[in-house]
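Notes to accompany the following structure.
Numbering (the numbering used here), first residue to last: 133 to 850.
Right under this line is the structure:
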């Protein structure tokens with residue numbers, strides 16, 4: 133049971149934000165009926181029949197693959213789960229007291245609250261570990277738990293109507309933040325520790341704000357019109373429910389726009405239990421109050437599919453139209469690819485690329501009768517998911533037929549990004565990641581080994597970064613350019629049980645860094661500009677501006693170095709910012725291949741204007757050509773630049789020959805990150821987290837890493 137502790141009230145900016153400073157542009161709103169034609173109801177996943185005497189609480193998991201249901205059974209409450217598309221529940225737990233809320237916002241995590249006579253019990257299921265904290269009602273008198281989840285350092289963050297509480301795993305009250313006059317409604321938590329809160333402010337406006345895991349407000353959001361449950365998908369779509377009706381909003385910089393109102397369409401009388409978004413498919417659980425409390429339907433919503441087939445479409449010049457789909461957003465996409473598409477269409481006599489104006493969901497776009505012919509996206513995970521579900525074309529055979537690649541270049545693409553000789557998506561745009569440090573903190577300009585890098589951190593414990601360095605981030609830095617030190621890729625042998633790797637893990641654990649990233653470099657905890665700290669910065673450095681910005685802030689020379697490496701080489705990773713993929717049922721595969729070929733080979737090299745040379749333009753030169761990469765991104769950068777930040781802050785800086793020379797040196801030994809390396813790094817990080825979160829010994833974790841990577845290598849060997 134929790135005892136009374138002194139209360140720490142933190143973050144005055146938090147209370148100020150919630151007191152009514154969130155702006156809104158009501159002119160952006162439109163009625164639901166005007167735009168409802170864009171969205172239709174999908175099938176009912178299942179209907180659960182239950183006695184009227186029972187009540188139900190519902191929650192979708194973070195991937196919308198399961199739905200959880202709580203049901204009172206005599207003096208206990210049963211917790212059930214069902215896989216989506218299945219009509220039966222499986223009992224997964226039983227608890228004392230009434231389950232008053234369930235959440236499952238983050239992968240492999242389930243939180244619920246039970247209401248007992250004198251206390252509330254918070255349960256958190258994280259992978260195979262179940263934690264619980266019992267809270268005396270006196271600790272939150274006149275309040276009620278609305279939401280609870282695991283926050284940073286294994287603590288519980290509990291939200292009630294007017295306060296945010298932080299409890300330790302042993303049940304101690306660590307802190308409380310009170311916001312008198314503010315009424316919290318609900319929240320949505322992300323796997324990086326951030327959460328979005330829906331609340332009503334002192335002026336009775338229904339608002340949203342985003343916070344980090346330390347309860348600091350990090351983003352102002354908008355008046356959404358109705359209170360209730362808020363779920364954010366890709367920072368662009370909101371679902372808001374007041375339990376009697378649900379609406380969908382699209383959000384932009386000027387405000388929010390109502391795009392769908394369930395109450396004015398298919399659901400006339402409903403009690404909304406939970407909503408979820410996965411891959412832009414909207415899931416909705418509700419009780420139909422017209423027929424009484426005897427059934428719950430869980431349905432999918434999706435945007436309306438196009439009906440006109442474009443398989444034989446040609447433009448006015450008789451060229452076949454290649455429809456291209458992207459989730460990057462119009463402004464971002466056109467900045468990167470707009471000029472390239474214009475050049476391609478001007479010079480090509482057989483094909484014409486146009487943007488696909490269908491729905492905004494991968495699954496429905498590529499399964500529709502008239503899918504796009506080509507997809508360009510920056511999400512590796514999304515494209516991996518599409519590959520696993522069999523939605524994407526293996527492009528190896530298509531390129532053999534249609535594309536004029538130099539054999540060595542094409543073989544390189546397949547080796548780096550293919551899976552067992554098959555190629556489902558191709559990188560077409562690069563970013564380079566490196567480390568920037570203060571030159572005055574180094575004895576000499578050099579490349580650091582992982583051991584030197586960790587000692588460097590110990591020597592300067594006040595490092596700040598774009599985000600404070602976390603355990604996982606340090607490990608990623610130390611192993612990304614280093615896997616060949618622990619793996620014999622030629623003979624498929626692993627050496628993660630050796631003392632060198634074990635010492636590396638122990639060294640990182642000894643740093644006692646936070647599990648999650650911290651706050652922004654430009655602003656400290658109270659919002660001041662943190663401009664005098666020694667710092668280390670991890671960043672994509674394709675754009676020269678990223679390298680030079682903090683140099684002006686910190687008044688010191690910067691050394692750009694690659695990721696730490698056992699062999700002492702200057703290693704950096706070229707990672708693709710965008711990938712191309714062809715849907716399996718594309719109607720113009722040859723045109724899609726022709727356009728990808730144009731992106732990857734030398735075409736109209738002289739037509740690229742100098743003003744675009746320092747931007748993240750489409751990589752049209754030779755695949756993985758350092759000379760071409762240098763030419764596209766770093767020529768024309770020398771001179772004075774300005775960067776605008778939030779709150780009206782503008783910073784000027786100068787790019788000199790010295791800056792460009794340093795970047796050129798970093799590029800000399802760059803390599804392309806492969807899918808294999810990415811997968812292995814993820815395996816290592818997963819097992820490393822077991823050390824931090826569950827107390828697994830370093831020796832045991834290394835054994836599991838060694839076994840898992842060994843199995844992965846042999847399963848994916850050609």
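Just so you know, even glycine gets a beta-carbon here, dropped at the ideal spot from N, CA and C.
CB contact flag (residue i, residue j, <9 Å)
i, j, result
"residue 711", "residue 557", "yes"
"residue 546", "residue 830", "no"
"residue 726", "residue 479", "no"
"residue 809", "residue 612", "yes"
"residue 231", "residue 247", "yes"
"residue 487", "residue 457", "yes"
"residue 609", "residue 585", "yes"
"residue 505", "residue 721", "yes"
"residue 729", "residue 531", "yes"
"residue 444", "residue 719", "yes"
"residue 714", "residue 834", "no"
Through-space distance from residue j to residue i, alpha-carbon basis
i, j, result
"residue 846", "residue 588", "37 Å"
"residue 628", "residue 619", "8 Å"
"residue 249", "residue 268", "10 Å"
"residue 264", "residue 228", "12 Å"
"residue 446", "residue 474", "17 Å"
"residue 744", "residue 452", "Confidence in residue 744 is poor, its pLDDT being 32 and thus under 50, which makes the residue's placement unreliable; the coordinate value appears in the next sentence. About 30 Å."
"residue 826", "residue 818", "12 Å"
"residue 254", "residue 199", "19 Å"
"residue 290", "residue 197", "25 Å"
"residue 555", "residue 519", "10 Å"
"residue 552", "residue 331", "50 Å"
"residue 459", "residue 509", "6 Å"
"residue 224", "residue 210", "8 Å"
"residue 363", "residue 341", "Because residue 363 carries a pLDDT of 47, less than 50, the predicted location of this residue cannot be relied on, and the following value inherits that uncertainty. Those two C-alpha atoms are separated by around 12 Å."
"residue 294", "residue 243", "20 Å"
"residue 812", "residue 256", "29 Å"
"residue 236", "residue 789", "52 Å"
"residue 832", "residue 840", "12 Å"
"residue 630", "residue 521", "38 Å"
"residue 515", "residue 605", "24 Å"
"residue 226", "residue 645", "37 Å"
"residue 507", "residue 820", "34 Å"
With 16 other Cβ atoms within 10 Å as the buried cut-off, status of residue i
i, result
"residue 724", "buried"
"residue 525", "buried"
"residue 603", "buried"
"residue 287", "buried"
"residue 849", "exposed"
"residue 513", "exposed"
"residue 308", "buried"
"residue 635", "exposed"
"residue 643", "exposed"
"residue 614", "buried"
"residue 502", "buried"
"residue 772", "exposed"
For residue i, the first and last residue of its enclosing alpha helix (DSSP H)
i, result
"residue 724", "721 to 732"
"residue 314", "Premise fails: residue 314 is in no alpha helix (DSSP H) and is neither H nor E."
"residue 841", "830 to 847"
"residue 588", "582 to 591"
"residue 633", "631 to 642"
"residue 812", "807 to 826"
"residue 515", "512 to 520"
Limits of the unbroken beta strand (DSSP E) element including residue i
i, result
"residue 332", "327 to 332"
"residue 622", "That residue, residue 622, is in no beta strand (DSSP E); it is neither H nor E in DSSP."
"residue 617", "Segment: none, residue 617 is in no beta strand (DSSP E) and carries neither H nor E."
"residue 454", "452 to 458"
"residue 224", "222 to 228"
"residue 714", "Careful: residue 714 lies outside any beta strand (DSSP E) and carries neither H nor E."
"residue 468", "Here residue 468 belongs to no beta strand (DSSP E), and DSSP marks it neither H nor E."
"residue 506", "506 to 509"
"residue 208", "208 to 215"
"residue 295", "295 to 299"
Cβ-Cβ separation, residue j to residue i (assumed contact under 8 Å), whole Å
i, j, result
"residue 485", "residue 454", "5 Å"
"residue 837", "residue 816", "6 Å"
"residue 549", "residue 806", "7 Å"
"residue 696", "residue 607", "Actually they are not in contact, since the Cβ atoms of residue 696 and residue 607 sit about 11 Å apart, beyond 8 Å."
"residue 626", "residue 842", "5 Å"
"residue 582", "residue 698", "7 Å"
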